[in-house]
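Visitor:
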Amino acid sequence: MWILESQRSAYVLGVFPEGGLQHLWWGPRLTDPSDYPTPGAHPEHQAGGINAGFVPEEYPAWGGMRFTNPCLKLTYADGGRDLPLGYRDHRITGDALAVALADPYEPYGLSVTLHYQIVWAHDLVVRWAEITNGGTAPLDLEVALSAAWNLPPDRYALWHLHGQWGAETQIEQQVLAVSATVTLESRRGQTSHVANPFFALGAAGRVEEEQGRVWFGALAWSGNWRIAVQSTPAWTQITGGISDFDFRWRLAPGESFHTPPFVGGYANDGLGGASRRLHRYQREEVLPSSGRWQPVLYNSWEATTFHVTPEEQMVLAKRAAALGVELFVVDDGWFGTRDNSHRGLGDWFPSPTKFPQGLGPLIAGVQDLGMDFGLWVEPEMVNPDSDLYRAHPDWILHFPHRTPSQHRNQWVLNFARDDVRAYILEILDGLLTQNPIAFIKWDHNRPFSEPGWPDAPAIHQREVWVRHVLGVYEILDRLRALHPGVIFETCAGGGGRVDLGILARTDQAWASDNTDPFDRLRIQEGFTAAYAPRAMVSWVTRSPTWAHGRHVSLDFRFHVSMAGTLGIGDDIRNWSPEEMRRAAELVALYKEIRPLVQGGDLYRIRSPREGSETALCYVAEDRSAAVVFVYQHHTGPLHPARSIVSVRIPGLDPSAHYRVSAERVRLFGGASLHDRPVSGSALAEVGLCVEGLDADYASAIVQLHRI
Ligand code: GLA
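Residue numbering for the sequence shown follows our numbering, starting at 485 and increasing by one per position.
#1: Between D516 and the ligand GLA, is there a pair consisting of the residue's CB and a ligand heavy atom that are separated by less than 7 Å?
#2: The ligand GLA and C555: does the residue's C-beta get closer than 7 Å to at least one heavy atom of that ligand?
#3: If you run the structure through DSSP and keep just helix, strand and coil, what is M865?
#4: Taking the runs of the beta strand (DSSP E) that are 3 residues or longer, which of them lie wholly in the region 548 to 583?
#5: Considering just the uninterrupted stretch of the beta strand (DSSP E) at G1051, what are its terminal residues?
#6: May I have the straight-line CA-CA distance separating Q674 from V950, to the nearest angstrom?
#7: Use the C-beta contact count for I1185: other C-beta atoms within 10 angstroms, 16 or more gives buried, fewer gives exposed.
#8: Beta-carbon distances below 7 Å to any heavy atom of the ligand GLA define the shell here; list its residues in chain order, please.
#9: Got a sec, what are the start and stop residues for the alpha helix (DSSP H) P1061 sits in?
#10: Where does H507 sit, in a helix, a strand or coil, going by DSSP?
#11: What are the boundary residues of the alpha helix (DSSP H) that includes A1014?
#12: Determine, using beta-carbon pairs with one atom in the region 875 to 890 and one in the region 962 to 976, whether at least three such pairs fall under 8 Å.
#13: With a threshold of 8 Å, are at least 3 pairs of Cβ atoms found where one atom belongs to the region 835 to 843 and the other to the region 785 to 802?
#14: Would you mind stating whether A628 and G563 have Cβ atoms separated by less than 8 Å?
#15: Between the beta-carbon of L1177 and the beta-carbon of S1127, is there less than 8 Å?
#16: Please go through the same chain and pick out, in chain order, the residues whose beta-carbon is closer than 6 Å to the beta-carbon of H644, but skip the five residues on each side of it.
#17: Per the DSSP calculation, I726 is bridged to which residue(s)?
#18: Taking only three categories from DSSP, how would you classify R1057?
#19: On the criterion of 16 or more Cβ atoms from any shown chain inside 10 Å, does E542 qualify as buried, or is it exposed?
#20: Please state the DSSP three-state secondary structure of E693.
#21: Give the secondary structure of H1035 by DSSP, where H, G and I count as helix, E and B as strand, and everything else as coil.
#22: If you run the structure through DSSP and keep just helix, strand and coil, what is H646?
#23: Can you round the beta-carbon distance between A641 and A688 to whole angstroms, since I take them to be within the 8 Å contact cut?
#24: Looking only at its chain, what residues have a beta carbon closer than 6 Å to the beta carbon of A631, apart from the 5 residues adjacent to it on each side?
#25: Among all the DSSP beta bridges, which residues are the ones paired with I1185?
#26: Quick one: give me the first and last residue of the beta strand (DSSP E) that D624 is part of.
#27: Within 10 Å of its beta-carbon, does I1191 have 16 or more other beta-carbons around it, so buried, or fewer, so exposed?
#28: Under three-state DSSP, which class holds Y765?
#29: Got a sec? Which residues, its chain only, sit under 7 Å from H507 by beta carbon, not counting five neighbours each side?
#30: Kindly list the residues whose CB is nearer than 8 Å to the CB of P523, restricted to its own chain and excluding five residues on each side of it in sequence; keep chain order.
#31: Return yes when the Cβ of V1129 is within less than 8 Å of the Cβ of E1097, no when it is not.
#32: Please report the distance separating the alpha-carbon of L915 from that of F833.
#33: When you compare only the Cα positions, how much space is there between F899 and V861?
#34: Determine the extent of the beta strand (DSSP E) in which R1150 is found, giving its start and end residues.
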């Protein structure tokens, strides 16, 4: 029996009397370790007889009397498919446990090592499995998930993220029906806009933003994935990993298959507590550390679309520099014959007509203005009308005798192929070596279709789903090693590829092509349910946006984007002197509060899904400072209080006193706080009244500093 304790939680497993690995406990850490459940056939688990079918196993392999979702299913060379895994041995290294299980029929030589890494400070366990063929014949994996998570019986609600292009990461909640399975998944080759590999569960009706027991998890995988939540009267089980849809993996003798990590955690302080644990973990252990805050960027996509010229980019760059922007990014349209979405994808050299002297003069101009230079690429794609496709028509995903479907006039390159990866690495490495480029936005604008790999032996062809993702990871890892200073942004037609796998190799993510600030509040709420605000890039664009007719003030637009990594994406050639002046002030304010937004703990005080206001607060890890964002979506009827939003501020040190930066802020029912310090406990219990929000889309930022 192993007890994996973290600061406030515990995860316990043991060897079942029959030899398998039994799950025993996941939840709060108990005072007396002898109180944790012990291995055995407990009646509450319905371990045998006619009710067989559910034993809370750590990694259920298909075989015997098992009827729930397996983590592992395979076929041996002799056609055998039954897999009774038994404990073999284990190893403890620091905060990591590895338990090896094996098929008792030794000639098969099959072993599975389950890895557990405790993240002590954040109550997380990172799990993955390593499946090894130590036999003499090949075998085929048909299901190979990362982990099963087991929860004690209860009536649970599930929180997850659904969406679509332009409306990613929308929080959805549903109460789980007993005996039903809820499946969250992507079969699109990418993480997807439609669902995201994150879950949170808590007892229905008893979980709130800052209260209640929550079990949560996130999968580190950027291709097809599946998370299934199955409730029975006896137990609730979550299985997850690479999707088994159209999956088959030939494992030759001596080979191993590593599943992606699946991070799980337990929080006793509600959904907000779950998010904050994931955020801290990402800041400390997942996101690559550049040793500095994410820069304020300008991206010229919405201003110039495909019509990129060095002259116009320089006009934009001068305006951006005047605003205090730190990174100037040229998006799509700089390469090959890319004048529209029909041409040029794949030809990653500067357009000879637009950049006859290469990128050098523009980069030098941008650097002279004191900014870094960044570039957009979409390396996994080709247009049919490109030199790359004409030279290598066999490099795209396709099936024999079929014309693959186009989407956005493009096809997907097969990154499972060694020649494709070698070519792309050489091209991108060359681009970064020949030019002082500080930032790459790596886009992926379409899902897979017709995922054929006809040149591979038939038995290996379905591996393309997985090998493509591993290929993308490999290239990102190698580029990062070759060019350690470069910042990478993940993008997939907006937020179609945001997950812990890609975020381990990219510094930030483009959350959505929809930059309407009101829509964005909801997208950002869902994004931050699972992912750190530092990773969330948000541009200020025009009002109204292309998405809606809403007229929204410049301040509101900035305040929404300042809740993540700030970017500007509007055509700033059109901004009036007054807009330029105000925007520069707001960029300067962002730089002041950036350590809190990018490095602090997020408390979602009021959700944009409820009522007419949203409020957020970021608190420094040492609670020395905080910044509060208040957004009024629409004012109420003509009541004297309609322009006042009152919010209670969690997360502060109750016994410390804080100075409040903004004017027009009072303690609820009290006097102005201008020049009058107030205790953390009063801020948490009585709350602030932010005044003057007397129009639709009015907003305010309030800073708090401990004295
Ligand atoms: C995608 C991205 C946008 C932009 C365009 C360029 O849609 O999400 O931000 O880069 O591609 O074609």
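Where a beta carbon is used, it is the ideal one built from N, C-alpha and C, also for glycine. For clarity, every value in this text was computed on a predicted model and none was experimentally measured.
Guide: With the given structure in hand:
#1: The residue given as residue 516 occupies position 32 in the sequence shown. No - the ligand GLA has no heavy atom lying nearer than 7 Å to the Cβ of D516.
#2: Translated into the one-based positions of the sequence shown, residue 555 becomes position 71. Not under cutoff, so the answer is no.
#3: Walking along the sequence shown from the start, residue 865 turns up at place 381. Here M865 sits in strand by DSSP.
#4: 556 to 559 and 570 to 577
#5: As a position in the sequence shown, residue 1051 is number 567, starting the count at 1. It spans T1049 to I1052 - the beta strand (DSSP E) in which G1051 sits, taken as one unbroken run.
#6: Locating residue 674 in the sequence shown gives position 190, counting from the first residue. Locating residue 950 in the sequence shown gives position 466, counting from the first residue. Approximately 10 Å between the Cα atoms of the pair.
#7: As a position in the sequence shown, residue 1185 is number 701, starting the count at 1. It is buried - the Cβ of I1185 has at least 16 other Cβ atoms within 10 Å.
#8: W785, D815, D816, S825, W860, K925, D927, N929, C975, G977, G978, W994 and D997
#9: Locating residue 1061 in the sequence shown gives position 577, where the first residue counts as 1. P1061 -> alpha helix (DSSP H) spans P1061 to G1083.
#10: On the sequence shown, position 23 is the one that residue 507 refers to. DSSP places H507 in strand when its eight states are reduced to three.
#11: Along the sequence shown, one-based indexing puts residue 1014 at 530. Looking at the DSSP string, the run of the alpha helix (DSSP H) that includes A1014 is P1001 to A1014.
#12: no
#13: yes
#14: Counted from its first residue, the sequence shown places residue 628 at position 144. Counted from its first residue, the sequence shown places residue 563 at position 79. No; because the gap between Cβ atoms is not below 8 Å, this pair is not in contact.
#15: As a working note, residue 1177 is residue 693 in the sequence shown. As a working note, residue 1127 is residue 643 in the sequence shown. Their beta carbons are under 8 Å apart, which means L1177 touches S1127 by this criterion.
#16: As a position in the sequence shown, residue 644 is number 160, starting the count at 1. For H644, where only same-chain residues beyond five positions count, the Cβ hits under 6 Å are E656, L668 and F683.
#17: Locating residue 726 in the sequence shown gives position 242, counting from the first residue. Answer is W709, bridged to I726.
#18: Reading the sequence shown from its first residue, position 573 is the one you call residue 1057. R1057: helix per DSSP, three-state reduction.
#19: By one-based count along the sequence shown, residue 542 stands at place 58. E542 comes out buried.
#20: Taking the sequence shown and counting its residues from 1, the one referred to as residue 693 is at position 209. Here E693 sits in coil by DSSP.
#21: Taking the first residue of the sequence shown as 1, we reach residue 1035 at position 551. Coil.
#22: Start at 1 with the first residue of the sequence shown, and residue 646 comes out as number 162. The answer is strand: DSSP assigns H646 an E or B state.
#23: Taking the first residue of the sequence shown as position 1, residue 641 is located at position 157. Taking the first residue of the sequence shown as position 1, residue 688 is located at position 204. So it is a contact: roughly 4 Å between Cβ atoms.
#24: Position 147 of the sequence shown, counted from the first residue, corresponds to residue 631. Around A631: R611 and F746.
#25: The residue given as residue 1185 occupies position 701 in the sequence shown. DSSP output for I1185 lists F1113 as bridge partner(s).
#26: What you label residue 624 is simply residue 140 of the sequence shown in a count that begins at 1. Taken as a continuous stretch (DSSP letters only), the beta strand (DSSP E) holding D624 covers L623 to A628.
#27: Position 707 of the sequence shown, counting from 1, holds the residue named residue 1191. So I1191 ends up on the exposed side.
#28: Numbered from its first residue, the sequence shown carries residue 765 at position 281. Helix.
#29: Along the sequence shown, read from residue 1 onward, the residue named residue 507 stands at position 23. If we look at H507 and ignore the five residues flanking it on each side, its Cβ neighbours are L497, P540, E541, E542 and N634.
#30: One-based indexing of the sequence shown puts residue 523 at position 39. Cβ neighbours of P523 beyond the five flanking positions: M485, G498, V499, F500, P501, Q506 and L508.
#31: What you label residue 1097 is simply residue 613 of the sequence shown in a count that begins at 1. What you label residue 1129 is simply residue 645 of the sequence shown in a count that begins at 1. The answer is yes: Cβ separation under 8 Å.
#32: The residue given as residue 915 occupies position 431 in the sequence shown. The residue given as residue 833 occupies position 349 in the sequence shown. Cα to Cα, L915 sits roughly 8 Å from F833.
#33: Here residue 899 is taken as the residue at index 415 of the sequence shown, counted from 1. Here residue 861 is taken as the residue at index 377 of the sequence shown, counted from 1. In a straight line, the C-alpha of F899 is about 15 Å away from that of V861.
#34: Counting from 1 along the sequence shown, the entry for residue 1150 is found at position 666. First-last of the beta strand (DSSP E) with R1150: V1149 to L1151.
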